[in-house]
Amino acid sequence: MAKPPRKTPAAKKSPAAKKSAPARKSSTPSKPVAKTTGGLKTPIYKATKAELMDFYEQMLLIRRFEEKAGQLYGLGLIGGFCHLYIGQEAVVTGLQSAIEPGKDSVITGYRDHGHMLACGIDPKIVMAELTGRASGISKGKGGSMHMFSVDHGFYGGHGIVGAQVSLGTGLAFAHKYKEDGGVCLAYFGDGASNQGQVYESFNMAELWQLPVVFVIENNQYAMGTSVNRSSAEDQLYRRGESFRIPGMQVDGMDVLAVRGAVEEALKDVRGGGGPVLMELKTYRYRGHSMSDPAKYRSREEVQNIREKSDPIERLKAMLMKQGVAEDELKILDKKVRKTVADAADFAEESPEPELAELYTDVLVEQY
Amino acid sequence: MAVMNMIEAINSGLDNMMERDDNVVIMGEDVGYFGGVFRATAGLQEKYGKTRCFDSPISECGIIGAAVGMGAYGLRPVPEIQFADYIYPGMDQLISEAARLRYRSAGEFIAPLTVRSPFGGGIFGGQTHSQSPEAMFTHVSGLKTVIPSTPYDAKGLLIAAIEDNDPVLFFEPKRIYNGPFTGYYDKPVEPWSKFDAAQVPEDYYRIELGKANIVREGDEVTVLAYGTMVHVARAVVEEHGINAEVIDLRTLVPLDIETIEASVKKTGRCLIVHEATRTSGFGAELSALVQERCFYHLEAPIERVTGFDTPYPHSLEWAYFPGPVRIGEALEKIVGELKS
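If you read the sequences in order, they're chains C and S. When the letters of the first sequence are read in order and numbered with the working numbering, they come out as residues 81 to 447. When the letters of the second sequence are read in order and numbered with the working numbering, they come out as residues 462 to 801.
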């Protein structure tokens, strides 16, 4: 069924690939330059003012939602494990804005609240799932890490690190098999990029020329272990080279850079070019989960990134430069805060699932 | 002697073994620089260096596979799998390699690794941070499975596991790291420091694998439990005023069947309690063994109180958890005839 794999060795096209120096010696350029293998371009997206406002609202919604989730966790309304997306908003906002809802599919790991909101899923039922209520999107049975929506092409929400990459490969196979023109965005983190099954998936995806964009959200820390303490090749966009998967490294704190790059990736994939690997360099401001004191990095490091690269502040500055009045942004902020407050109220007021729900959805039959 | 919670006792056991034996090495996700997400390896990298206590990538299959190779060449690796729920990518290495290396090399090579892994529920962890997969390992010949229930036992058993020349799964009930949770989830858990079992020698000692511990003597019914459920069962027995004998199995493989047999022959009744799902759970094995050995002494059917045959839920955790209500009902049912 598959087209033969790419004949051109992807890596040869790339100037980055010529430097075959060991990873540890790879130098960081003085200003952020998108790096690629396989000849893909990474232009900055030229957004209209309306699009910029949409991006701003989307990122703000994710941030305020996550802040509220953090508060509810502190109050004991959310239990167990809760991984916040604060700092990474530009990644999912840029990527999701480029795909075609109803046609493409999305799958991610456990840090999934932002992806659900960016897929257009109602914040109320996401928040209700976090608090384990019957009105939650998985009836309270999944929790923070396990949420799904067929209607929105959102295939989860997966708690096991890296496992979703193989599932995403399967989704892409199904897109191709059904000839529906869809592409799968398979998100995972820098930590997951060291799981063996990720590479099994890379090989299959290129071998079978599957329509999948492998998205590495490199937030620099796999829990408490930084990328360069856990990865022999810490330039993660190059991880597909030996499978001939072209890669691109993009500033994941800049929503326009993300959008520009993913458009190129999607063009290549939709054109039948097989998989593309995107590495989005980003940063999480909070701990890995709510119980992580984040002692493996300095407060200054976090503060520095917040001050210099915050994706929302960057976009806000751009909007104001373009003549958007501060009042207009304040109105937006108010609207977002209300949406989030309503979601929290809804989540608190909803009942817990009925006891009988314990035994539903285990298998097709009730037993 | 020092007062230790279960984490501190495990840390102390690792420390003793690293000091005694240069071949003991620790690896796992976040175990080095960060000292482990539950702090079980805190300070060990500082003390013994990065070649003996080090971070691994998130690669469970690779971690366990490498540990098997290290063990075959004379090291004594103690890999940590951060949550037992993450162990499945390493199953192939555990089952096909670790468990079988000795057999297929006719004893020439061994796999003396000890895989430490926090397991069990009661922490609102949902389906990927709460599982009790012990029966998947007890089913595999060639693996040993150890589950401590107190700080004192955790240290002594861990040392015995590390010194053991066969692969050991060392499952740590994370719900009781800080204190013996009794299943009464609306009451605060008392810290280990209030209990004798928190008196732990700072020096080396071992508790032999395969020796159960009778934590409470009695003659009306035998209760078999391990890990967190030892404390839950004991609390329920006392609340109901039943003169039960509560046995902490400590190790599932090897199993101290003699202690179990002697107890059931004395009481004539048996209740088995575990968090894991019921079907093909370790309770099924225990029930079969008790029936085989004690059939003519039994005064009532053997009962099991276990997790339901469902994934571990996110909400409704206390309905799922085999807590005091369900254990109490089972106990009353077993001893009902005796009381009337």
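Positions of the beta carbon are idealized from the N, C-alpha and C atoms, including for glycine.
Assigned secondary structure, residue i (DSSP; H/G/I helix, E/B strand, else coil)
i      : result
E669/S : coil
P123/C : coil
R144/C : helix
A101/C : Low confidence applies to A101/C: its pLDDT is 41, below 50, so where it sits in the model is not reliable enough to give any reading.
Q275/C : coil
Q315/C : coil
E541/S : strand
A82/C  : Note on A82/C: pLDDT 47, under 50, position unreliable in the model; no value is reported.
C162/C : coil
S566/S : coil
S306/C : strand
S110/C : For S110/C, the predicted structure reports a pLDDT of 44, less than 50, and the residue's modelled location is therefore unreliable. The matter cannot be settled from this model.
S473/S : helix
A463/S : strand
S591/S : coil
N674/S : strand
S654/S : helix
Q244/C : helix
E633/S : strand
Q554/S : helix
S229/C : strand
D331/C : strand
Q151/C : helix
Q289/C : coil
A686/S : strand
Y257/C : helix
F234/C : strand
Q660/S : strand
Extent of the continuous alpha helix (DSSP H) to which residue i belongs
i      : result
R704/S : Position check: residue 704/S holds Asn in this sequence, whereas Arg was assumed. Careful: N704/S lies outside any alpha helix (DSSP H) and carries neither H nor E.
H193/C : H193 to A198
F580/S : Where F580/S is concerned, there is no enclosing alpha helix (DSSP H), although the beta strand (DSSP E) it sits in stretches over T575 to F580.
I179/C : Element bounds for I179/C: n/a, residue is neither H nor E.
L67/C  : As displayed, chain C neither begins before 81 nor continues past 447, which places residue 67/C out of reach and without an answer.
V725/S : I718 to T728
L210/C : P203 to L210
Proximity to residue i [Cα-Cα], best of the options
i      : options                           : result
F598/S : I525/S, V629/S, L618/S and T512/S : V629/S
S602/S : G532/S, V693/S, M488/S and R561/S : R561/S
A681/S : A673/S, K672/S, K727/S and I668/S : The residue asked about is misnamed: residue 681/S is Glu in this sequence, not Ala. Checking every option, the nearest Cα to that of E681/S belongs to K727/S.
G742/S : D647/S, I675/S, S593/S and R754/S : S593/S
F253/C : D425/C, A421/C, E393/C and G354/C : G354/C
N639/S : E521/S, D516/S and F499/S         : F499/S
E286/C : S246/C, E344/C and I217/C         : S246/C
A272/C : R319/C, R379/C, D334/C and R366/C : R319/C
K794/S : R513/S, V698/S, G532/S and I623/S : V698/S
L157/C : R787/S, I468/S, H775/S and Y781/S : H775/S
D422/C : K183/C, A130/C, D314/C and I205/C : I205/C
G239/C : C162/C, G182/C, V307/C and G261/C : C162/C
Q300/C : G351/C, E259/C and I385/C         : I385/C
G351/C : G261/C, V172/C, A130/C and K388/C : G261/C
A559/S : Q543/S, P538/S and A545/S         : P538/S
P785/S : H758/S, A694/S and A501/S         : A694/S
T512/S : Y645/S, A501/S and L536/S         : L536/S
Cβ-Cβ separation, residue j to residue i (assumed contact under 8 angstroms), whole Å
i      : j      : result
A436/C : T211/C : The pair is not a contact, with the Cβ atoms about 20 angstroms apart (cut-off 8 angstroms).
C199/C : S229/C : 7 angstroms
M328/C : P391/C : Going by Cβ atoms, the distance from M328/C to P391/C rounds to 18 angstroms, so no, they are not a contact pair.
H195/C : E146/C : Wrong, their Cβ atoms sit about 12 angstroms apart, outside the cutoff.
T362/C : N308/C : The pair is not a contact, with the Cβ atoms about 16 angstroms apart (cut-off 8 angstroms).
H255/C : P291/C : 5 angstroms
E753/S : L732/S : At roughly 18 angstroms, the Cβ-Cβ gap does not stay under 8 angstroms, so E753/S and L732/S are not in contact.
Residue range of the beta strand (DSSP E) that includes residue i
i      : result
R324/C : Here R324/C belongs to no beta strand (DSSP E), and DSSP marks it neither H nor E.
D516/S : C514 to D516
E480/C : Residue 480/C lies beyond the residue range present for chain C, which begins at 81 and ends at 447; the question has no answer from this structure.
H735/S : C731 to T738
G269/C : C264 to G269
E297/C : V292 to N298
S44/C  : Any property of residue 44/C remains undetermined from this structure, which presents chain C solely from 81 to 447.
K115/C : K115 to T117
V714/S : T712 to V714
Cβ of residue i within 9 angstroms of any chain B Cβ
i      : result
Q506/S : In the structure shown, chain B cannot be found, because the protein chains are C and S.
Scan the stretch 600-631 of chain S and note each continuous beta strand (DSSP E) run of 3 residues or more that stays entirely inside, going in chain order.
-> DSSP runs (the beta strand (DSSP E)) wholly in the stretch 600-631 of chain S: 605-607.
3 or more residues per run - each beta strand (DSSP E) lying fully within the stretch 475-534 of chain S = List check, beta strand (DSSP E) in window: 485-489 and 514-516.
Which full runs of the alpha helix (DSSP H) of 4+ residues lie inside the stretch 738-793 of chain S, going along the chain?
-> The stretch 738-793 of chain S contains, as complete alpha helix (DSSP H) runs of 4+ residues, the segments 743-755 and 778-781 (chain order).
Ignoring anything shorter than 4 residues or poking outside the stretch 370-442 of chain C, list the alpha helix (DSSP H) runs there in chain order.
-> 379-389, 391-401 and 406-429, all fully within the stretch 370-442 of chain C.
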